[in-house]
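Student: Each position in the sequence shown, counted from 1, maps to that position plus 4 in my numbering.
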Amino acid sequence: SSFAQPIAVTGESAQATSRKLIRTVSIDAETQEFEQLRASVEAKIKELGGYVESSNINNGSAYGRNNDQLRHAVITARIPAARADEFLDLVGSSANVVTKNESSRDVTLQYVDMESREKALDAEEVRLLEMLESADTVEDMIYIEDRLSSIRYEKESIESQIRTYDNQVDYTTVTLTLSEVKVFTEVPEEPIKEPT
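(1) Buried or exposed: which applies to L41, given that a residue is buried once 16 or more other Cβ atoms fall within 10 Å of its Cβ?
(2) Once you ignore the five residues that flank V29 on each side, which residues in its own chain have a CB closer than 6 Å to its CB?
(3) Output yes or no for whether 7 Å exceeds the beta carbon distance between E122 and I155.
(4) Which term fits G53, buried or exposed, when burial requires 16 or more other beta carbons within 10 angstroms of its beta carbon?
(5) Check this for me: beta carbons of T181 and V78, under 7 Å apart or not?
(6) So if DSSP puts E34 in a beta bridge, which residue, or which two residues, is it bridged to?
(7) Between which two residues does the beta strand (DSSP E) holding S201 run?
(8) What's the gap between the Cα of A81 and the Cα of Y147?
(9) Does S120 come out as helix, strand or coil in the three-state DSSP assignment?
(10) Just curious, the alpha helix (DSSP H) that R151 is in, first and last residue?
(11) Give the secondary structure of S44 by DSSP, where H, G and I count as helix, E and B as strand, and everything else as coil.
(12) So is D32 buried or exposed if we call it buried at 16+ other beta carbons inside 10 Å?
(13) From this set, T176, V187, E190, S183, which residue's C-alpha is nearest R109's C-alpha?
Okay, structure coming up:
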């Protein structure tokens, strides 16, 4: 992925790790060939190994803008990060892009912190299991089992957060708002980039 550059991380995870960047793109585009473009957008998402997270299509009511809008779709796609630019190129070459917003969020440090915390919990779990083997009293056993239960719950929570980050890093989120028009809105050479 063009978004994974090696960086050095200090502390327990001193080995090199790749940057964990969450990329989000939002595009507002117009077309005079709504059905064909919608079909080719959906085919391209599949071809690139992505999937449609949500799709909302309105067939036919005008939206009150001065441009005569006929049909309107909002498609949120998740596309493998390494291939997201191929999808953006398709949209850019097939539709009139009015606005494009893009942002990247670096979650490398949070990710490394979670991995370190998980390793510490693993080590504590091993120690507690050893203590449980030699526990003398019922009170000790209850305390150790209670602590083990807390550790397992916290580990599940961390693993769930890591899976979420992995998905957000591996798949760029692209929200495409597609409007059918009779006349294109005039835009400068480069589409308007709104601050994010």
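Note that the Cβ used here is the ideal one computed from N, Cα and C, for glycine as well.
Tutor: If we stick to the structure as given:
(1) For L41, the number of other beta carbons within 10 angstroms of its own is at least 16, and it is reported as buried.
(2) The beta carbon of V29 lies closer than 6 Å to those of E106, V178 in the same chain, with the five residues before and after it left out.
(3) The Cβ atoms of E122 and I155 lie no closer than 7 Å to each other.
(4) G53 is classed as exposed because its beta carbon has fewer than 16 other beta carbons within 10 Å across all chains shown.
(5) Cβ distance < 7 Å, so T181 and V78 count as in contact.
(6) In the DSSP assignment, E34 forms a beta bridge with N100, S183.
(7) The question about residue 201 has no answer here: the residues shown for the chain are numbered 5 through 200.
(8) Taking the straight line joining both Cα atoms gives about 47 Å.
(9) Three-state DSSP puts S120 in a helix.
(10) Where R151 is concerned, the enclosing alpha helix (DSSP H) stretches over 142 to 174.
(11) In the displayed model, S44 falls within a helix according to three-state DSSP.
(12) Here D32 is buried, its C-beta having at least 16 other C-beta atoms within 10 Å.
(13) The shortest C-alpha separation from R109 is found at T176.
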